[in-house]
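Visitor: Numbering (mature numbering (1 follows the signal peptide of the UniProt record, and there is no 0)), first residue to last: -20 to -1, 1 to 81. Just so it is clear, CB atoms sit at the ideal spot from N, CA and C, and this is done for glycine as well. Being a predicted model, the structure only gives us computed values, none of them experimental.
1) Taking 8 Å as the cut-off, does the stretch 9 to 19 touch the stretch 55 to 72 (at least 3 CB pairs, one atom from each stretch)?
2) Exposed or buried, residue 22, counting other C-beta atoms within 10 Å across all chains shown (16 or more means buried)?
3) How would you write the range of the beta strand (DSSP E) that residue 41 sits in, first residue to last?
4) Beta strand (DSSP E) containing residue 12: first to last residue?
5) Going by other Cβ atoms of all chains shown within 10 Å of its Cβ, with 16 needed for buried, is residue 20 buried or exposed?
6) Counting only the same chain and skipping the five closest in sequence on each side, list residues whose C-beta sits under 7 Å from that of residue 70.
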């Protein structure tokens, strides 16, 4: 049992830092894009450059009935800051108790 624990610890110490360096370099060296609202930074994968969570409309908060109306155009610049689009944003909430048949 002790040898398994020791092997696991050695594996983490020797191999995990290399993986972390690769992830960190992908985040730091991500693609940059200019938009009308300001600069955006994404992430490279093996197959593509990805920009997560770019807003396409205003959030329907405030007026309760705004949620049931067409989306309002996004018009809030984030410039001069850079919008970090290198991590997925939370998705829509889904209830597990609703079932469809």
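Guide: This is what the structure gives:
1) Judged by Cβ distances under 8 Å, the stretch 55 to 72 makes contact with the stretch 9 to 19, as three or more pairs qualify.
2) Residue 22 comes out buried.
3) Bounds of any beta strand (DSSP E) do not take in residue 41, whose DSSP letter is neither H nor E.
4) Run containing residue 12: 12 to 15, per the beta strand (DSSP E) assignment.
5) By the neighbour-count rule (16 or more Cβ atoms within 10 Å), residue 20 is buried.
6) Sequence-distant partners of residue 70 (beyond 5 residues in either direction) whose C-beta falls short of 7 Å from its own C-beta are missing from its chain.
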